[in-house]
Amino acid sequence: MDSFQHYLDKSNKSKNVDDLVTTFLFEVKKYGYDRMIFCLLSDHSHIGLSAGVGYLNNYPENWMKYYLDNGFDKIDPVISYCRQRVGSFTWDEMSSNLNLTKKQKICLNLGREAELLNGICTPLWGPQRFAGVGLASSNDKDATDSSPAALDHITALCNHFYLVFQRQHNGTTLNNDNLENVFLTPKEYEVLTWVSRGKSNNDIGDILGISDNTVNFHLRQIYKKLRVHDRVVACTKAITLGLIFP
32 MDSFQHYLDK SNKSKNVDDL VTTFLFEVKK YGYDRMIFCL LSDHSHIGLS
82 AGVGYLNNYP ENWMKYYLDN GFDKIDPVIS YCRQRVGSFT WDEMSSNLNL
132 TKKQKICLNL GREAELLNGI CTPLWGPQRF AGVGLASSND KDATDSSPAA
182 LDHITALCNH FYLVFQRQHN GTTLNNDNLE NVFLTPKEYE VLTWVSRGKS
232 NNDIGDILGI SDNTVNFHLR QIYKKLRVHD RVVACTKAIT LGLIFP
């Protein structure tokens with residue numbers, strides 16, 4: 032049995048969240064990561080949990096207290112970058128691709144001083160929900176493997192961790208009353224995406240080369256499909272269902 036299959040089997044047999052975390056940490060330590068943090072980046076109403084940073088973690092307690100007391104969870108660039116990515120990425124990659132504010136740089140620097148080194152993050156997407164796993168090392172620069180192959184493997188490990196975590200909370204599907212079967216046409220997708228970016232009907236007509244009446248027609252169709260009555264609620268529901276990505 033290969034290592035990944037062994038991890039799947041052991042995770043699936045874990046009796047509780049503590050067992051699951053122990054199994055997960057044992058596997059990621061093979062890549063040099065001994066620190067982990069699991070964050071619910073949106074409400075997970077299907078399992079009765081609200082959004083929050085550090086739902087599960089073995090980060091230094093004094094760092095987590097300082098992080099939350101200073102509101103770093105509201106400006107953390109790792110979280111911002113995570114929302115725009117699929118698959119694991121390194122903090123170094125994130126730092127080179129984002130124009131960081133002074134406070135964000137302070138957040139990262141203080142994290143390193145707390146011996147959270149060589150960080151990586153894995154976005155975890157699901158229907159009507161979003162989470163993430165952060166990993167770091169308490170050792171020096173050369174202690175970890177962040178090669179593309181390693182990051183792909185870690186992406187798979189994190190996604191299975193997320194699946195089993197939800198199973199343990201009896202939440203592998205949404206409540207049947209809330210299931211939706213909604214599709215937008217390509218033009219409806221374009222219209223609603225521009226609405227979500229704050230454009231007026233007139234602006235959208237100019238951008239797409241269509242009349243105001245046509246924009247209104249598409250919006251009426253969108254409202255009907257989503258069973259809503261205004262553009263704000265339409266955007267919110269479409270984003271929640273993963274129909275648009277503004």
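Per this note's numbering, the sequence shown starts with residue 32, numbered consecutively.
By construction, the Cβ of each residue, glycine as well, lies at the ideal position given by its N, Cα and C atoms.
query: Those runs of the alpha helix (DSSP H) which lie wholly inside the region 223–254 and span at least 4 residues; result: 232–239
query: Residue interval of the alpha helix (DSSP H) (run including THR54); result: 48–59
query: Buried or exposed (CB count within 10 angstroms, at least 16 for buried), HIS293; result: Only positions 32 to 277 of the chain appear in the structure, and residue 293 is not among them; the question remains open.
query: Contact belief for PRO154 with ARG116 at Cβ below 8 Å, rounded distance in angstroms; result: 5 Å
query: When SER177, VAL264 and LEU87 are compared against TYR64, the one with the closest alpha-carbon; result: SER177
query: Contiguous alpha helix (DSSP H) assignments of at least 4 residues, all confined to the region 108–148; result: 108–113, 122–128 and 133–144
query: Contact check, LEU223 vs LEU272, beta carbons under 9 Å; result: no
query: C-beta contact flag for LEU139 and LEU148 at 9 Å; result: no
query: Assigned secondary structure, GLY273 (DSSP; H/G/I helix, E/B strand, else coil); result: coil
query: Within-9 Å CB hit, CYS138 to chain D; result: Within the model displayed, chain D is absent; a lone protein chain is all it includes.
query: Rounded straight-line distance, which links the Cα of VAL213 to that of HIS260; result: 16 Å
query: N-terminal and C-terminal residue of the alpha helix (DSSP H) that PHE192 is part of; result: 179–199
query: Close-in-space but distant-in-sequence residues of the same chain around LEU215 (CB under 6 Å, 5 per side omitted); result: LEU274
query: Limits of the beta strand (DSSP E) - the one that TYR86 falls within; result: 83–88
query: C-alpha gap between ASP100 and ALA269, whole angstroms; result: 33 Å
query: Distance, PHE161 Cα to LEU72 Cα; result: 5 Å
query: Buried or exposed by the 16-neighbour rule on C-beta atoms within 10 Å, applied to ASN207; result: Its pLDDT being 44, under 50, ASN207 is placed unreliably in this model, and the coordinates cannot settle the point.
query: Segment limits, alpha helix (DSSP H) that includes SER34; result: 34–43
query: Start-to-end residues for the beta strand (DSSP E) that takes in LEU71; result: 66–71
query: ILE151 - partner residues in DSSP beta bridges; result: THR121 and LEU166
query: For ARG262, the three-state DSSP class (helix, strand or coil); result: helix
query: Strand pairing of ASN161, partner residues [DSSP]; result: The question names Asn, but residue 161 in the sequence shown is Phe. DSSP lists TRP156 as partners of PHE161.
query: Which residues DSSP lists as bridging HIS77, in chain order; result: Paired residue(s): none; HIS77 is not in a bridge.
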